[in-house]
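Visitor: Just so you know, we're using my numbering here: the first sequence kicks off at 24 and counts up by one.
What follows is a single structure, and I will ask about it in a moment.
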Amino acid sequence: MSKYPFQEIETKWQAYWEKHQSFAVTEDENVPADKRVYVLDMFPYPSGAGLHVGHPEGYTATDIYCRFLRMNGYNVLHPMGFDSFGLPAENYAIKTGTHPRATTEKNIENFRKQIKSLGFSYDWNREVSTHSSDYYRWTQWIFLQLFKKGLAYESHTPINWCDQCKTGLANEEVKEGKCERCGTTVVRKNIRQWVLKITEYADKLLSDLDSVDWPESVKSMQRNWIGRSEGASVLFPVDGLDEQLEVYTTRADTLFGATYMVVAPEHPLVAKLTTESQKEAVEAYLEASARKSDLERTDLAKDKSGVFSGSFAINPVNNKKIPIWIADYVLISYGTGAIMAVPAHDTRDWEFAKKFGLPIVEVLKSEVDVQQEAWTEDGIHVNSSFLDGLNKEDAIAAMLTWLEEHKLGTKAVNYKLRDWIFSRQRYWGEPIPLVHCPTCGTVAVPEEELPLLLPEVTSYEPSGTGESPLAKIDGWVNTTCPVCGGKAKRETNTMPQWAGSCWYYLRYLDPNNTKEFVSKEKEQYWMPVDLYVGGAEHAVLHLLYARFWHKVLFDLGVVSTSEPFKRLVNQGMITSYAYQRKDKSLVPTDMVEETSTDVFVEKATGEQLERVVAKMSKSLKNVINPDEIITEYGADSMRMYEMFMGPLEVSKPWATTGLIGVYRFLDRIWRLYDERPITDEPLGEELERTLHKTIKKVTYDTNTLNFNTAISQMMVLVNELYKVDSFPREVAETLVKLLSPYVPHLAEELWERLGYTGSLGTVAWPEYQEELTFDTQIEMVFQVNGKVRSKATVAMGMTKESALALAKEDEKMQSWLAGKTIVKEIVVPDKLVNIVVR
RNA sequence: GCCGAAAUGGUGGAAUUGGUAGACACAAGGGACUUAAAAUCCCUUGCUCGCAAGGGCGUGCGGGUUCAAGCCCCGCUUUCGGCACCA
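Here you go:
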């Protein structure tokens, strides 16, 4: 196609950087604190499929930013590693009979090669992999700190279980009742598991969100997930039993309207509350709801179900006897697992009351008949004794005072956030370093014995019974108690994939430290992470878990910041085009023909199709392979195109024609330097202005991650260079510097051709002179009543008076002003004149 | 249902503070070069009325504020992402 020898250039400079360790970074104490920057990418899971086009997007963005910062005198930490424990490798191992370590390490090698082929400026000396024992030794160490702080506990309550993955899942890993990974409907299963008390940090996790520079959407997702609510805890005595039923409510003001109570089927008082006559019905109900999946239980469209326990509670505000029901629309995991039901003003309670014929009492003046539908808006209280006449807000306050005075209830705060189900019944993860001793209980493996190595096995098949594959390895399971020396058994569950990624950003700081997970000095030198770039899919999971661990480490005094990631940016997804039939079904790309511009038809039927944007998928045959793009157009084209497509944060469709456009731009640059003699003559005025405008815009836009507009400004400069004959050295050198963060290989090569030796990486970023960016002539707009009627080219800096005079003299303006009365005159200097007439 | 983000030419997208809407690129059309093609270079390109000069319309929809609105305010629609019996 052309002469631009990208393959040769890219291989050459990648080898140069590697040989000269161009991007190795040290903790140089001479660099002032505000010039130390930590720029982090979310590290990839090294899947067998290799890098997809989404990875280079975020990685290119941070690479450009890092190279830019280095040229501006910053000491930049920019590491890369691999999130290498996890299910896919294990599942692949089971299928093929190869050890997950073997496939994982092969995949890592491939990923590393692919990442390097894009010319990113990582300090590879700091690479970490979460599956290596040097690394997971410290993951285990951190777990032990949690354990010792009482933040890890064993639980037997039912958890989310995926039958396909054969493991328990955290609440965060369940999406719409299905396993996030494989889409299998999640079932409830009673198995022993380790749980981390993330709820203990709910308040801090919530309030500290205000201190970080993160996208509002991510913060709001985390706030919703934590789900703090303020309400009251109220005690209801049980009639005829020496028990009290504690409920949580955000609507204490509606207490006079509570006509029955509901406890979850798993509530500890269920057996006591059940009377002899109801026993059979209750037992049947408990069994039925235990069999239901979470999805079935929470399906909104479904009918409410429940059963009367036989017992009654006393409503403490009016001493009325109200029945206690058992129903699975009340969740054991939220609040106290019991509610007071106010059917008149709560849709769920209303549906239940209607179905089972329970009384509905209006306590808020409603605009509807509460016997016909629930009234959930605010209103004036009625039938509520001392609350009558008050609105919701005042009534809640009044009721809280009353409850506290009578010792019947207190203010309470609840969270939707649940504790983190942390154990996995699988092989390819960090072994949990605990030992079960019949005499000493559960004890920690001594820290000096870490890492507790994952045993080599020949079969990793998960049992599916809730036992980890490790449980079958007798030689490993049977051990001695570190406390009493007696016979004991190892914990056989492993950690979830999230464990390793909870703290990897800390290990990069000090990857070879064998004494500590990170040294205090290095931690203080770099932390917190100044910029963290990655996909939005981690908004809740990884980012919440990592914040939690970091806060625990902060409380332990081993890290110095309460938040790990100061600024977060989500890169948008790179989508692809797909073709849609009238019935909205999609047609694979290879079955589509473009008959004329933007007219697409299905080859087989001739049906006209609509082009839509869709996620890349194998079945649609619209997946772009980065390796092929690099081979055909080069890494520089790939990098620059992905940045040119649009703003970093939004998702945008891949178009290879667009990539070719960027390739052509690079080729034009190449030919400029290749074919034109570089002269030492001074710049023309026009060119000088464009040059300084370009420096200004590229500097500003690179710093703010607006790469697409920085690139377009460089295109403007190159277009202009093609219009003039000469190619002054000043422009030639500045352009190379501006290009270098974006297309580092090409820039290095051109820099060398300009007569320099060594890498551009440490060359100072160009500066612009503000006064040279100003136009001397500007086009002034003349408006009448806000509509553009004429324009004139005038000198910059014209006074308001002369601009107005000029507008009035203008021939076209005069025809629009003739016979009108001037009402108002507005002059925006160097922009426009607007004359308002009547 | 609730929370969040968004909607601009044929397409991807620009538009620092409210001040010329459509930068830059793709696609399309035309021209130059060539025996020819490719590559390259140059020009045109929001819609519409008009021979032209020139006019009208135009940033999802309906209102509003303003001399002036893609941008601010109110009310909708649609799309995407998240949550969803959380009391």
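Even glycine gets a Cβ: it sits at the ideal position worked out from N, Cα and C.
All figures in this text were calculated on a predicted structure; none of them were measured in a lab.
1) Please classify leucine 110 as buried or exposed, where buried requires at least 16 neighbouring CB atoms within 10 angstroms.
2) Sort out for me which residues DSSP pairs aspartate 236 with in a bridge.
3) If you count every other CB in all the chains shown that lies within 10 Å of the CB of glycine 191, and 16 or more means buried, which is it?
4) Using beta-carbon positions only, say whether aspartate 326 and alanine 287 come within less than 8 Å of one another.
5) Nearest-angstrom Cα distance between valine 48 and leucine 100?
6) Hey, quick one: how far does the alpha helix (DSSP H) through serine 542 stretch, first residue to last?
7) Would alanine 467 and lysine 171 qualify as a contact pair, given that the criterion is a beta-carbon distance under 8 Å?
8) Report the option in Tyr531, Glu672 and Ala175 whose CA atom is closest to the CA atom of aspartate 146.
9) For methionine 24, does the three-state DSSP call read helix, strand or coil?
10) Assign threonine 679 to one of three DSSP states: helix, strand, or coil.
11) Let me know the secondary structure DSSP gives glutamine 792 once reduced to three states.
12) Excluding the 5 residues flanking valine 54 on each side, which residues of the same chain have their C-beta closer than 6 Å to its C-beta?
13) What separation, rounded to the nearest whole angstrom, lies between the Cα atoms of methionine 24 and serine 585?
14) Rounding to the nearest angstrom, what Cα-Cα distance links valine 860 and leucine 728 in this structure?
15) Using the Cβ count rule (16 or more neighbours within 10 Å means buried), how would you classify leucine 579?
16) Using a Cβ-Cβ cut-off of 6 Å (strictly less than) and excluding sequence neighbours within five positions of glutamate 390, which residues of its own chain qualify?
17) Using 8 Å for Cβ pairs, my map puts phenylalanine 134 next to tyrosine 527. What's the rounded Cβ distance?
18) By a C-beta neighbour count over all protein chains shown, 10 Å radius and 16 as the cutoff for buried, is aspartate 369 buried or exposed?
19) If you run the structure through DSSP and keep just helix, strand and coil, what is isoleucine 383?
20) Run through DSSP, which three-state label would cysteine 185 get?
21) Roughly how many angstroms separate the alpha carbons of tryptophan 424 and asparagine 342, rounded to a whole number?
22) Please report the straight-line C-alpha distance between alanine 494 and serine 152, rounded to a whole angstrom.
23) Any contact between the region 468-487 and the region 547-560? By contact I mean 3 or more CB pairs, one from each, below 8 Å.
24) Quick check on isoleucine 131: does DSSP put it in helix, strand or coil?
25) Is the beta carbon of tyrosine 565 less than 8 Å from the beta carbon of tryptophan 521?
26) Could you give the residue range of the alpha helix (DSSP H) that holds asparagine 742?
27) What is the residue span of the alpha helix (DSSP H) that serine 524 lies within?
28) For arginine 243, which three-state DSSP category applies?
29) Given a cut-off of 8 Å on the beta-carbon distance, is the pair alanine 862 and tryptophan 398 in contact?
30) Within 10 angstroms of the Cβ of leucine 761, are there 16 or more other Cβ atoms? Answer buried if so, exposed if not.
31) Can you tell me where the beta strand (DSSP E) with glycine 333 in it begins and where it stops?
32) Can you check whether the CB of alanine 361 is closer than 8 Å to the CB of leucine 16?
33) Helix, strand or coil, according to DSSP, for histidine 154 in the structure here?
34) Could you check where the beta strand (DSSP E) with glutamate 630 kicks off and where it finishes?
35) In this structure, what does DSSP give as the bridge partners for lysine 201?
Guide: According to the data block:
1) buried
2) Answer is Arg590.
3) buried
4) no
5) Approximately 6 Å between the Cα atoms of the pair.
6) Where serine 542 is concerned, there is no enclosing alpha helix (DSSP H), given that its DSSP letter is neither H nor E.
7) Against a cut-off of 8 Å, the Cβ pair of lysine 171 and alanine 467 comes out as a contact.
8) Tyr531
9) Reliability of the predicted coordinates at methionine 24 is poor, the pLDDT of 39 falling under 50, and no value is obtained from them.
10) helix
11) In the three-state scheme derived from DSSP, where H, G and I count as helix and E and B as strand, glutamine 792 is classed as coil.
12) Correct list, in chain order: Asn98.
13) In this predicted model, methionine 24 has a pLDDT of only 39, less than 50, meaning its place in the structure is not dependable enough to derive any value.
14) 45 Å
15) So leucine 579 ends up on the exposed side.
16) Spatial neighbours of glutamate 390 in its own chain (CB-CB distance under 6 Å, excluding positions within 5 residues in sequence) are not present.
17) About 15 Å separates the two Cβ atoms, so there is no contact after all.
18) Looking at its Cβ environment, which holds 16 or more other Cβ atoms inside 10 Å, aspartate 369 is buried.
19) coil
20) strand
21) Here residue 424 turns out to be threonine, not tryptophan, going by the sequence shown. If you take the alpha carbons of threonine 424 and asparagine 342, they lie about 18 Å apart.
22) 25 Å
23) no
24) It is helical.
25) The amino acid at residue 565 is misidentified as tyrosine; the sequence shows histidine. Cβ atoms of histidine 565 and tryptophan 521: closer than 8 Å.
26) Taken as a continuous stretch (DSSP letters only), the alpha helix (DSSP H) holding asparagine 742 covers 730-746.
27) 521-524
28) Sequence check: residue 243 is serine here, not arginine. Of the three classes helix, strand and coil, the one that applies to serine 243 here is helix, per DSSP.
29) Nothing about residue 862 can be read from this structure; the chain reaches only from 24 to 861.
30) So leucine 761 counts as buried.
31) 330-337
32) Coverage of the chain is limited to positions 24 through 861, which leaves residue 16 absent and any answer about it impossible.
33) coil
34) That residue, glutamate 630, is in no beta strand (DSSP E); it is neither H nor E in DSSP.
35) Lys198 and Thr208
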